[in-house]
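See below for the structure under consideration.
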Amino acid sequence: MKILVVNAGSSSLKYQLFDMDENKVIAKGNCEKIGIGGMITHKRPGKDDYQADVELKDHDDAIALVLKLLTDAELGVIASADEIDAIGHRVVHGGEQYKESTLITDELMAYLEANISLNPLHAPPAIKGIEACRKNCPGKPMIAVFDTAFHATMEPSSYIYALPYEYYENYKLRRYGFHGTSHRYVSGKVAELCGKDLADMKVITCHLGNGSSITAIKNGKVVDTSMGFTPNEGLPMGTRCGNIDPTVVPFLMKTLNITAAEVDTILNKKSGLLGVSGVSSDCREVNAAAKEGNKRAELAIELLVHEAKKIIGSYVAEMNGVDAIVFTAGIGENDRALRERICADMDAVGIVMDNDVNANCPRGEAYELTGKGSKARVFVIPTDEEYMIALDALKLAKSLK
Ligand code: ADP
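Numbering (this note's numbering), first residue to last: 119 to 519.
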């Protein structure tokens with residue numbers, strides 16, 4: 119069976135076409151500069167990449183072009199769009215309503231529209247991506263896979279903020295958590311690697327990328343996660359501040375005489391690695407500057423390490439132990455030095471990494487990094503959110519047959 123996975127951003131649309139019988143991606147690509155020009159990169163394994171500037175007025179144009187390329191006599195991989203059994207869409211926010219991947223219906227679309235305020239950045243492009251697919255592939259089964267869904271098992275003690283309770287009741291102001299599809303994928307994978315059932319394990323998954331979050335999973339259920347109402351809680355990230363004293367917000371508004379929207383921009387776009395280092399939001403560039411002696415770049419990395427240790431330690435306490443810890447995403451998968459720094463001096467909470475194995479393990483594959491005397495097994499596991507979305511869409515397509 120063939121599954122198309124679509125991840126729509128405000129000016130981009132990424133796609134992957136999976137052949138689920140072979141468990142492989144047969145084509146993938148990215149439409150960029152949607153609404154401000156247009157460009158597509160289309161890739162097929164073992165073949166030359168195709169890249170072209172094409173006018174893409176909106177997401178509709180992008181999906182039409184993707185389908186054209188997938189079925190093109192020369193560049194395509196399928197004869198017709200009929201070969202696609204289902205489409206899986208990445209949707210960031212499912213709110214309290216959607217606790218698992220869900221068939222896309224008019225009701226779901228109405229919910230997404232009505233709840234844009236929960237996620238003003240990501241919801242509009244996701245809606246546009248879905249609508250474009252509905253228009254170009256009428257009747258095709260489609261599923262929404264939510265970043266928040268995996269965290270829906272949290273108890274109120276983990277998701278309620280200590281604010282006046284009516285804000286939760288009236289505005290659904292609470293912790294939701296994000297990156298759930300990635301945390302779900304790597305936690306499933308680590309259970310497999312340990313030869314255990316996730317339902318019998320205590321796992322901590324560290325998704326460290328441009329956006330970063332850490333999740334505690336006990337007996338297969340998320341008990342806590344570091345991102346909150348928005349993806350700007352928890353760790354310092356590329357440009358997001360993560361955990362700060364909330365009273366900083368009115369202080370900045372008064373002191374700088376700025377609006378809520380301007381504070382939001384500071385906290386989301388000008389903080390984190392970029393804000394502290396003044397160098398870049400890209401961890402590689404911050405690392406390089408730190409190596410050359412840039413003290414603020416070094417401090418930015420140290421803040422990330424410090425917060426990661428605090429969160430991991432608190433999750434070990436919360437779960438009363440940990441059987442496995444996983445590093446994933448751009449930084450987690452590639453930055454060996456950062457992994458070493460996070461795991462250093464954590465033996466008191468049962469975590470010891472083998473620094474030699476960590477320094478020499480192959481890139482791009484799942485690998486065990488557990489050190490001598492560690493109670494928890496330590497792993498690096500490349501994440502694959504698209505595959506997880508494809509699996510959910512496959513399940514749906516089969517259930518509809
Ligand atoms: P996103 O959250 O946008 O999906 P990624 O998971 O791709 O982001 O992670 C991007 C981050 O990964 C960037 O900060 C980048 O610098 C970092 N990264 C990628 N490769 C390396 C590396 N070799 N060493 C350190 N950081 C890396």
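In this text, a Cβ means the ideal position worked out from N, Cα and C, and glycines have one as well.
Using beta-carbon positions only, say whether residue 520 and residue 185 come within less than 9 Å of one another. The question about residue 520 has no answer here: the residues shown for the chain are numbered 119 through 519.
Just to confirm, is the Cβ distance from residue 268 to residue 223 under 9 Å? Reading the sequence shown from its first residue, position 150 is the one you call residue 268. Reading the sequence shown from its first residue, position 105 is the one you call residue 223. Result no, Cβ atoms of residue 268 and residue 223 do not sit closer than 9 Å.
Less than 9 Å between the C-beta atoms of residue 212 and residue 124, yes or no? Along the sequence shown, read from residue 1 onward, the residue named residue 212 stands at position 94. Along the sequence shown, read from residue 1 onward, the residue named residue 124 stands at position 6. The beta carbons of residue 212 and residue 124 sit no closer together than 9 Å.
Could you check whether the segment 324 to 334 touches the segment 362 to 373, counting it as contact only if at least three pairs of C-beta atoms, one from each stretch, sit closer than 8 Å? Touching, no.
In the structure shown, what three-state DSSP assignment does residue 299 receive? Taking the sequence shown and counting its residues from 1, one reaches residue 299 at position 181. Per DSSP, reduced to three states, the secondary structure at residue 299 is helical.
Residue 446 by DSSP, collapsed to three states: which one? Start at 1 with the first residue of the sequence shown, and residue 446 comes out as number 328. Strand at residue 446.
Count the other CB atoms, across all protein chains shown, that sit within 10 Å of the CB of residue 483; report buried if there are 16 or more and exposed otherwise. On the sequence shown, position 365 is the one that residue 483 refers to. A residue is called buried once 16 or more other Cβ atoms fall within 10 Å of its Cβ, and residue 483, having fewer, is exposed.
Going by the beta-carbon positions, is the gap between residue 207 and residue 126 smaller than 9 Å? What you label residue 207 is simply residue 89 of the sequence shown in a count that begins at 1. What you label residue 126 is simply residue 8 of the sequence shown in a count that begins at 1. Result yes, Cβ atoms of residue 207 and residue 126 sit closer than 9 Å.
Once you ignore the five residues that flank residue 317 on each side, which residues in its own chain have a CB closer than 7 Å to its CB? Translated into positions along the sequence shown, residue 317 becomes position 199. Beyond the five residues adjoining it in sequence on each side, residue 317 comes within less than 7 Å, by CB distance, of 337, 338 in the same chain, given in chain order.
Per-residue burial, residue 169 [other beta carbons within 10 Å of its own, 16 or more giving buried]: Position 51 of the sequence shown, counted from the first residue, corresponds to residue 169. When all chains shown are included, residue 169 counts as exposed.
By alpha-carbon positions, which one of 455, 435, 436, 437 ends up nearest to residue 422? Counting from one through the sequence shown, the residue named residue 422 turns up at place 304. Ranking the options by Cα distance to residue 422, first place goes to 455.
Taking the alpha carbon of residue 158 as the reference point, which residue from 143, 165, 519, 133 has its own alpha carbon closest? Position 40 of the sequence shown, counting from 1, holds the residue named residue 158. When only C-alpha atoms are compared, the closest one is 133.
Where does residue 208 fall in DSSP's three states? Walking along the sequence shown from the start, residue 208 turns up at place 90. Collapsing the DSSP output to three states places residue 208 in a strand.
Beta-carbon contacts of residue 408 that lie in its chain and below 7 Å, excluding the five residues immediately before and after: Within the sequence shown, numbered from 1, the residue matching residue 408 stands at position 290. In the same chain as residue 408, and ignoring 5 residues on each side of it, the C-beta atoms closer than 7 Å to its own belong to 415, 416, 419, in chain order.
Specify the secondary structure class of residue 158 as computed by DSSP and reduced to three states. Position 40 of the sequence shown, counted from the start, is the residue given in the question as residue 158. Per DSSP, reduced to three states, the secondary structure at residue 158 is strand.
Verify the contact flag: residue 83, CB atom, against every heavy atom of the ligand ADP, threshold strictly below 8 Å. Shown here, the chain extends from 119 to 519; a query on residue 83 therefore has no answer.
Return the Cβ separation of residue 514 and residue 204 in integer angstroms, given the expectation that the two are a contact with Cβ distance under 8 Å. As a working note, residue 514 is residue 396 in the sequence shown. As a working note, residue 204 is residue 86 in the sequence shown. Correct: roughly 6 Å between the Cβ atoms.
Among 180, 179, 167, whose alpha-carbon lies nearest the alpha-carbon of residue 192? The count along the sequence shown starts at 1 and reaches residue 192 at position 74. When only C-alpha atoms are compared, the closest one is 167.
Please specify which runs of the alpha helix (DSSP H), each continuous and at least 4 residues long, are wholly inside the segment 468 to 496, giving them in chain order. Scanning the segment 468 to 496 for uninterrupted alpha helix (DSSP H) segments of 4 residues or longer gives 473 to 478, listed from N- to C-terminal end.
In whole angstroms, what separates the C-alpha of residue 322 from that of residue 437? Sequence index remark: in the sequence shown, residue 322 carries index 204 (1-based). Sequence index remark: in the sequence shown, residue 437 carries index 319 (1-based). So the alpha carbons of these two residues sit roughly 10 Å apart.
Per DSSP, the bridge partner or partners of residue 535: Given a span of 119 to 519 for the chain in the structure shown, any question on residue 535 remains unanswerable.
Which runs of the alpha helix (DSSP H) at least 4 residues long sit entirely within the segment 176 to 223? Give them in chain order. Runs found: 177 to 188.
Please go through the segment 343 to 413 and give each complete alpha helix (DSSP H) segment of 4 or more residues, from N-terminal end onward. Fully enclosed alpha helix (DSSP H) runs of no fewer than 4 residues occupy 366 to 374, 378 to 387, 390 to 395, 401 to 409 of the segment 343 to 413, in order along the chain.
Ignore the nearest five residues each way along the sequence and tell me which others in residue 442's own chain have a CB closer than 7 Å to its CB. Counting from 1 along the sequence shown, the entry for residue 442 is found at position 324. When the five nearest sequence neighbours on each side are left out, the beta carbons in the same chain lying within less than 7 Å of the beta carbon of residue 442 are those of 308, 312, 319, 321, 494, 495, 497, in order along the chain.
Give the secondary structure of residue 465 by DSSP, where H, G and I count as helix, E and B as strand, and everything else as coil. As a working note, residue 465 is residue 347 in the sequence shown. Residue state, collapsed to three classes: helix.
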